[in-house]
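In terms of the UniProt record's numbering, the sequence shown has 7 at position 7, counting the first letter as 1, and numbering is strictly consecutive.
Where a beta carbon is used, it is the ideal one built from N, C-alpha and C, also for glycine.
First the structure, in the form of structure tokens, and then the observations on it.
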Amino acid sequence: MKYTQNEKILQVTEKTLIVRVDIAKEKHHARAFDYRGVEYGRRLEFRNNREGMEKLLAWAMDLMR
Numbered sequence: 001m002k003y004t005q006n007e008k009i010l011q012v013t014e015k016t017l018i019v020r021v022d023i024a025k026e027k028h029h030a031r032a033f034d035y036r037g038v039e040y041g042r043r044l045e046f047r048n049n050r051e052g053m054e055k056l057l058a059w060a061m062d063l064m065r
């Protein structure tokens with residue numbers, strides 16, 4: 001689906017969790033924000049493997065509670 005920039009912005013609500021991931025070869029870093037740009041929790045560092053991706057998912061799910 002193609003959305004205009006305004007349509008994308010309108011999809012962000014008070015219940016939206018925005019996760020930004022800085023990818024690298026070995027270690028990635030993730031941060032989570034609410035719809036206003038306020039950071040949730042602490043930065044997460046995780047490795048570029050299955051365990052790292054599971055760690056990222058668990059971290060994001062925990063923040064959504």
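Its chain contains no residue whose beta carbon lies nearer than 8 Å to that of ILE9 once the 5 sequence neighbours on both sides are disregarded. Out of ARG50, ASN49, GLU14 and GLU26, the CA that lies nearest to the CA of PHE33 is found in GLU14.
If you look at GLU39, you'll find it in the beta strand (DSSP E) that goes 39-47. ILE18: member of the beta strand (DSSP E) spanning 18-22, first to last residue. For LYS55, DSSP assigns no beta-bridge partner whatsoever.
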